[in-house]
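> Sending over a structure as structure tokens; questions will come in a sec.
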Amino acid sequence: MKNIKDYNLEELKQELINIGEKPFRAEQIFKWIYQEKVKDFDEMTNISLDLRKKLKENYTMCNYNILRKQESKDGTIKYLFDVLDGNAIESVLMSYHHGYSICVSSQIGCKMGCKFCASTGINFIRSLTSGEIVEQILAVEQDTGVRISNVVFMGIGEPLDNYENVVNAIRIINNPKGLNIGARHISVSTSGLVPKIYKLAEENIQCTLSISLHATNNEKRSSMMPVNNSYPIQELIQACKDYIEKTNRRISFEYALAKDNNDNLEDAKELVKLLKGMLCHVNLIPINKIENGAYSKSSNENIMKFRDYLNDHGIVATIRRELGSDIDAACGQLRRKNLK
Ligand code: SAH
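If you use the working numbering, the sequence shown corresponds to residues 151 to 490, in order.
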């Protein structure tokens, strides 16, 4: 059966026309799902019994079951959701002074193979549909009663390897009649799929693009991230420059600091050279050690020196606050689970 949450508003209008209904019904249904956050067609009380019956015959609501919920001492909550096909994924709710932020997964597993990430090394199963992406937000809002104001595509998976579904999910999240979260409050993080960065620049979506850079020369970056063999740094930076020019949006570069690997001042110098003059911001992440991982966290002193060097040389850099590491909910600690 089709998942009703896989459709953006325009597509849902078409679906309704196809079953002989008026397109404005789509707006009513959208309102019930994304604003009233109902879990059942029967709760859509301004929709006729006949149409509700038709909807039930043709579509599911794809409500996730919560398999596990863990709460960190800093208030971060990690969910393990049953995606209804025998697999499970994780999503993380974080509380900031400016509101609630959710980190969503875009795939069941990941193909990218980054050496420092826990989502790697487990088989890739499949990409999530747009409804399955959006459902993470609805399920967390339904469970906690909070209103989520920021969405980051930094959970399991490579969002740009699931391009169409991620872009469609963003349209549903962003639509004023959908979840109504401003595009500037939506971030897509990529390990650097260059052709998809050029494509995203053409979408006319004002979301924030984050690039997982992590190293400043090809040898080091390829040793951490195999994707760099296909799309080396110079090509990646060129795509970023194009993105900035087309969208006028500032790019955020993520740089996970690993002790004795990419955290000394020489690396900071190279980073300044690489990013000089670009409309960008650097997000420094103290690397989270994963089971059997080769990399360990830099000292606080090194992290601060690194940040200060960048700031003193014209590159705006901040250190990402670490949230949820006591429940394995921090960057790079999410995994997919197999229920079978
Ligand atoms: N595939 C996408 C999004 C998922 S990861 C991407 O690569 O960007 C979200 C961020 O966490 C990325 O910047 C990723 O490189 C980073 N990350 C992964 N493992 C990490 C770890 N062990 N410690 C710190 N950051 C990590």
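Glycine is no exception: its CB is placed at the ideal position from the N, C-alpha and C atoms.
1) So, with DSSP's three-state summary, where would you put Asn300?
2) Mind checking whether the beta-carbon of Cys357 lies closer than 7 angstroms to any heavy atom of the ligand SAH?
3) What is the DSSP secondary structure of Phe231, reduced to helix, strand or coil?
4) Per DSSP, which residues does Ser337 bridge with? Please list them.
5) Going by DSSP, what residues sit across from Thr468 in a beta bridge?
6) So for Cys260, helix, strand or coil by DSSP?
7) Near Val466, which residues of its chain fall below 6 angstroms by C-beta distance, leaving aside the five closest residues on each side in sequence?
8) Closer than 7 angstroms: is that where the CB of Cys390 sits relative to any heavy atom of the ligand SAH?
9) Compute the minimum distance between the beta carbon of His364 and the heavy atoms of the ligand SAH, and state whether it is under 7 angstroms.
10) Of the residues Tyr348, Tyr381, Asp192 and Lys349, which one's Cα is nearest the Cα of Leu363?
11) By the DSSP assignment, the alpha helix (DSSP H) with Gln292 in it spans what residues?
12) Which residues does DSSP list as the beta-bridge partners of Ser449?
13) Distance, Cα to Cα, Gly524 vs Ile322?
14) For a test of the three-state rule: what should DSSP assign to Tyr250, helix, strand or coil?
15) In this structure, does DSSP put Ser266 in helix, strand or coil?
16) Can you determine whether any heavy atom of the ligand SAH sits closer than 7 angstroms to the C-beta of Glu177, and answer yes or no?
Taking the definition as stated:
1) strand
2) no
3) strand
4) Val302 and Thr358
5) Asn433
6) coil
7) His431
8) no
9) yes
10) Tyr381
11) Ser280 to Thr294
12) None; Ser449 has no bridge partner.
13) Examination of residue 524 is not possible in this model, given that the chain is present from 151 through 490 alone.
14) strand
15) At residue 266 the sequence reads Phe, which differs from the Ser that was named. Note: Phe266 maps to coil in three-state DSSP.
16) no
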